[in-house]
Amino acid sequence: MNEDIQFIIDSTKESMENAILHLIKQFSNIRAGKASPAMLGSVMVDYYGSQTPLAQVANVNTPDGRTITVQPWEKNMIQPIEKAIQIANLGFNPMNNGEILIISVPPLTEERRRDLAKQAKSEAEDAKVGVRNARKEANNDIKKVDGVSEDLQKNAEADVQTLTDASSKRIEEILASKDKEIMTV
């Protein structure tokens, strides 16, 4: 196979894998009722004037399935961390005991589960769009390669379609798994 075409196929495969990895990362932010440190992954704290990820200024743990504890490395950071968690609008109300913040993760209501399932479906659709865009780009690039027979072009396009189908199937599997996790009471 032509080196240029092989490069196009390899980079397309990488783009599709990146779309799937992005989907998995987005799904880790969608909570399914069980407490997880990843739930606070998007929280940015005002640390001496600069916005810093929570994980860089405090220890975040889950002692059980319904509780998250946040222990700042510097005691004077407890107020800014508490404020940052509230500003992040995650639906959590941290309790401050002077040393650590304790967050009780409420069980999800049926309506909230449906909303999360819709959000997951939307993220999966975005990932599929990314995969389809990678396919379109690859097919355009394949057509631009000079000195390649029509058969080789068709074979390369078929390879790209195989990658697209496999990636779409993987996205569906990941979505089905997340959907089951969200809807399980």
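For what it's worth, my numbering labels the leading residue of the sequence shown as 80, then goes sequentially.
Every residue gets a Cβ at the ideal spot worked out from N, C-alpha and C, and that includes glycine.
Can you give the Cα-Cα distance for residue i and residue j, rounded to whole angstroms?
i, j, result
"isoleucine 181", "alanine 117", "15 Å"
"asparagine 140", "asparagine 172", "16 Å"
"lysine 154", "arginine 145", "24 Å"
"serine 94", "glutamate 229", "25 Å"
"alanine 199", "glutamate 260", "11 Å"
"arginine 211", "threonine 243", "7 Å"
"glutamine 232", "lysine 104", "34 Å"
"proline 185", "leucine 100", "28 Å"
"glutamate 96", "glycine 177", "44 Å"
"asparagine 108", "glutamate 189", "19 Å"
"proline 142", "glutamate 252", "30 Å"
"isoleucine 250", "alanine 203", "6 Å"
"aspartate 194", "lysine 248", "23 Å"
"asparagine 138", "glutamine 130", "17 Å"
"valine 224", "threonine 241", "20 Å"
"serine 183", "aspartate 205", "31 Å"
"aspartate 83", "leucine 102", "29 Å"
To which residues does DSSP link residue i through a beta bridge?
i, result
"glutamate 123", "In the sequence as presented, glutamate is not what sits at residue 123; that position holds methionine. According to DSSP, methionine 123 bridges with Pro132."
How far does the beta strand (DSSP E) with residue i in it reach, from first residue to last?
i, result
"aspartate 143", "137-143"
Is the distance from the Cβ of residue i to the Cβ of residue j below 8 Å?
i, j, result
"isoleucine 179", "valine 136", "no"
"alanine 245", "isoleucine 87", "no"
"lysine 257", "phenylalanine 106", "yes"
"alanine 196", "valine 122", "no"
"isoleucine 164", "leucine 119", "yes"
"asparagine 81", "valine 239", "no"
"alanine 114", "glycine 209", "no"
"isoleucine 147", "valine 124", "no"
"isoleucine 221", "alanine 237", "no"
"methionine 262", "arginine 192", "yes"
"threonine 91", "alanine 213", "yes"
For the alpha helix (DSSP H) containing residue i, list its first residue and its last residue.
i, result
"aspartate 238", "229-262"
"serine 115", "Counting along the chain, serine 115 falls outside any alpha helix (DSSP H), and DSSP gives it neither H nor E."
"asparagine 97", "82-107"
In chain order, which continuous runs of the beta strand (DSSP E) of length 3 or greater are located wholly inside the region 146-188? 146-151, 180-183
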